[in-house]
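Residue numbers (our numbering): 31 to 386.
Inspection log for the structure reproduced underneath, given as structure tokens.
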Amino acid sequence: MRAAVVHSFESPIAVEEVPIPEPGPEQVLVRIETAGLCHTDIHAARGEWPVQPTLPFIPGHEGVGIIERFGTGNAHGLHVGDRVAMPWLGYACGDCGYCNSGRETLCASQLNTGFSINGGFAEYAVGYARHVVRVPDGVDPADAAPLTCAGVTTYKAVKESGARAADLVAIVGCGGLGHMSLQYARITGAETVVVDTNPERLESARMLGADHLVHAGEQDPVAAIQALGGATASIVTAVNPVAFEQALASLARGGTLVCVGLPAENAMRLPIFETVLGGLTVKGSIVGTHRDLEEVFDLHRRGRTRVLKHEVLLEDINDAVEHVLHGTAPAPRTVFRLQPTPSWGFGAAATTTTIA
Ligand SMILES: NC(=O)c1ccc[n+]([C@@H]2O[C@H](COP(=O)([O-])OP(=O)(O)OC[C@H]3O[C@@H](n4cnc5c(N)ncnc54)[C@H](O)[C@@H]3O)[C@@H](O)[C@H]2O)c1
Ligand SMILES: [Zn+2]
Ligand SMILES: [Zn+2]
């Protein structure tokens, strides 16, 4: 099968032939149709975090495809031919206190798709039957892919923010994750203010109904948001610690900063005095549960969310990474199609953009 393989943190990703993996006990073999490119894949492929994957590995934790075969043991209600999503939470033990209290994303024994187990940037991938998530009929697999990480992560982050209808919620960073956070924040009824440094992403936010836009390259986001009364909650998916510091300073008294982005530069300055006197809360939010992803798919099936994406071939992965890093991708999320079709690619007439 063809797969995108990271052999070194310094070299481009190789697209090459590798053996189709064998599903082990309670695992499924999935023929991948689509897989979204998350900024996490870029951090992982470049070894930018305090933890690094073991080389070589196949990235991708937004893979969506069709079950072809099962390993031995419990199929957990799935059938050959079902369409499933293969999220970052590739395995959780099911026995620990976190797993048993609805917090499986904190399981210390978890395995992560596209990081500690091979991921969806391949024609086939193996996942655990209990942890792949069924994609309902009526959800396009090219939409399902970004929902599998960008969607579920920000759905959970909005829940963590405690956003309610009378609140002002700041969405800081409006890329793959951020354009979904905006939509989940709007579903709560809250007023929204979107901050980005890329005017294209602010345009996406405008189309998705953001109440206020702040171009952080031209305006001071702290002054702009404080002029609106301060944010009750701020959800930060920007890949830059400065954005986290600005988001904290943009909060109203009693506000909550939800840290979601995982920038390579792994530290922010947190002023103790302002945090104490303002009664601020700072929390981290990591992906979402199996059930959260089912809810994300259901909201999408009901037409409550839109995925702004463009499709490219897996062979274009290194170009796609550069476009995400330089903010030149034509849509907030890039999705790989695993079946080759001549019209897909980065060429001018060849890109399918679903922004309308
Ligand atoms: N916590 C989690 O569970 C989780 C899950 C998935 C991804 N992530 C992390 O979230 C981050 C975002 O991922 P993505 O795929 O959305 O990336 P992305 O590149 O699509 O989006 C990042 C956005 O931030 C904007 N930005 C950059 N600097 C900014 C600044 N100073 N102020 C405001 N906006 C700024 C960019 O223009 C871009 O639109 C990554 O670090 C990724 O690893 C975390
Ligand atoms: Zn991700
Ligand atoms: Zn566990």
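Idealized CB from N, CA, C, for every residue including glycine.
Problem set entry | ligand 1 heavy atom lying under 8 Å from the CB of P251 | For P251, the shortest separation between its Cβ and any heavy atom of ligand 1 lies below 8 Å.
Exercise. When DSSP labels each residue in this structure, what does Q276 get in the three-state scheme?
Worked result: helix
Problem set entry | Length at least 3, wholly inside the segment 82–117: the beta strand (DSSP E) runs in chain order | 93–100, 113–116
For this session: With a 10 Å radius around its C-beta and 16 neighbouring C-beta atoms as the bar for buried, classify I265 as buried or exposed.
Result: buried
Problem set entry | Beta-carbon gap between A155 and G203 smaller than 9 Å | Note that the C-beta distance between A155 and G203 is not below 9 Å.
Exercise. What separation, rounded to the nearest whole angstrom, lies between the Cα atoms of D167 and R367?
Worked result: 19 Å
Problem set entry | Of the listed residues A105, D125, E92, E134, nearest to A415 (C-alpha basis) | The chain is shown from 31 up to 386; residue 415 falls before or after that span and cannot be answered.
Exercise. Are the segment 190–197 and the segment 133–143 touching, with three or more C-beta to C-beta distances below 8 Å?
Worked result: Result no; under three Cβ-Cβ pairs closer than 8 Å.
Problem set entry | Same chain, Cβ closer than 8 Å to V165, neighbours up to 5 away in sequence not counted | V94, R113, V114, A115, P171, A174, F327
For this session: Please indicate yes or no: does the CB of T183 lie closer than 8 Å to some heavy atom of ligand 2?
Result: Answer for T183: yes, Cβ within range of ligand 2.
Exercise. Should L303 go down as buried or exposed, given a rule of 16 or more other Cβ atoms within 10 Å for buried?
Worked result: It should be noted that the sequence gives Phe, not Leu, for residue 303. Exposed: under 16 other Cβ atoms inside 10 Å.
Problem set entry | Cβ-heavy atom distance, R231 to ligand 1, below 8 Å | yes
Problem set entry | Collapsed DSSP secondary structure at R194 in the structure displayed | In the structure shown, R194 adopts coil according to DSSP, grouped into three states.
Exercise. In chain order, which continuous runs of the alpha helix (DSSP H) of length 4 or greater are located wholly inside the segment 141–199?
Worked result: 171–176, 182–191
For this session: Output yes or no for whether 9 Å exceeds the beta carbon distance between Y185 and G318.
Result: Yes, the Cβ-Cβ distance between Y185 and G318 is below 9 Å.
Exercise. By a C-beta neighbour count over all protein chains shown, 10 Å radius and 16 as the cutoff for buried, is R332 buried or exposed?
Worked result: exposed
Exercise. E46 to R334, Cα distance in whole Å?
Worked result: 38 Å
Exercise. Given a threshold of 16 other Cβ atoms within 10 Å of its Cβ, counted over all protein chains shown, does F39 qualify as buried or as exposed?
Worked result: exposed
Exercise. Identify the residues that DSSP records as bridge partners of A240: which are they?
Worked result: None; A240 has no bridge partner.
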